[in-house]
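Residue numbers (my numbering): 925 to 1192.
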């Protein structure tokens, strides 16, 4: 029994230096005014598509960093979304009255489990980073080790500036692998399942795949190529995005140039 206790207390001391715990909170309130929407083909009155709403968004994330020879990060984030003063199935018209009206179809297609302030898990993942020694003598003058990160669980994914793949407040269940060779080359690849609580039956085989290849070899430049594939195997629908990007930053001024193409096949 002493040997087991000694191993448990000794292991974190060797592999990990110290632990940090962070509690991150993010709260924002927005007011939007929709005017003359034409998303409903059966609308009989112009006022039906004119309404305003105020909503709030709250994120509470608990992150634990264990640092040492290898690094580990564990994150759990709760998100709460809802409309202020509107209830569950209400919307605020341009007048001062509140009318009982059904939600629009484009609101029902949102990926969030609910929008009535009930918290839900938007992220829960573990990220492990280890370092691989460079044993090629000719390349040691460029880099001595390669950091490799593996992230498993529900996580937010964001490529470049989010033109093709960006954060929307609801993570994706998947795995992500990334590594970099100093400033010369970096790679990030992932495979994830698209979450959609509303039409989950049709999304049983709904996945995302993606890889970004980039380099920061030139000072203050970041450029490369990314590929993202959205595939719904249930209806044989597939979208392939190819993105070329250049980022530049100098003296507080930065810009991003992106060019994106899309191919694929339309399912039934």
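For glycine and all other residues, C-beta sits at the position ideal for the given N, C-alpha and C. Since we're looking at a predicted model, the values are computed, not measured.
Residue i (DSSP reduced to helix, strand or coil)
i            : result
residue 1065 : coil
residue 1094 : coil
residue 950  : strand
residue 1167 : strand
residue 1042 : coil
residue 1197 : In this structure the chain extends from 925 to 1192, so residue 1197 is not present and cannot be described.
residue 1107 : coil
residue 1188 : strand
residue 934  : Below a pLDDT of 50, predicted positions are generally treated as unreliable, and residue 934, at 38, falls in that range; the measurement from the model is reported next regardless. Residue 934: helix per DSSP, three-state reduction.
residue 1155 : strand
residue 1071 : strand
residue 1081 : coil
residue 1141 : coil
residue 1129 : coil
Through-space distance from residue j to residue i, alpha-carbon basis
i            : j            : result
residue 1166 : residue 1079 : 22 Å
residue 1176 : residue 1146 : 15 Å
residue 942  : residue 978  : 43 Å
residue 1069 : residue 1056 : 5 Å
residue 971  : residue 956  : The pLDDT assigned to residue 971 is 46, lower than 50, so where the model puts this residue is not dependable, and the model offers no usable value.
residue 1103 : residue 1076 : 15 Å
residue 1159 : residue 1152 : 19 Å
residue 1046 : residue 1117 : 14 Å
residue 1185 : residue 954  : 33 Å
residue 1044 : residue 1037 : 7 Å
residue 1144 : residue 1174 : 7 Å
residue 1081 : residue 1163 : 17 Å
C-beta atoms of residue i and residue j nearer than 9 Å
i            : j            : result
residue 1131 : residue 1112 : no
residue 989  : residue 945  : yes
residue 1065 : residue 996  : no
residue 1042 : residue 1004 : yes
residue 1114 : residue 1101 : yes
residue 1161 : residue 1142 : no
residue 999  : residue 958  : no
residue 980  : residue 952  : yes
Buried or exposed (CB count within 10 angstroms, at least 16 for buried), residue i
i            : result
residue 1063 : exposed
residue 1001 : buried
residue 1181 : exposed
residue 1094 : buried
residue 1096 : buried
residue 1191 : exposed
Minimum Cβ-Cβ distance from residue i to chain C less than 9 Å
i           : result
residue 984 : Absence of chain C from the displayed structure is noted, only one protein chain being present.
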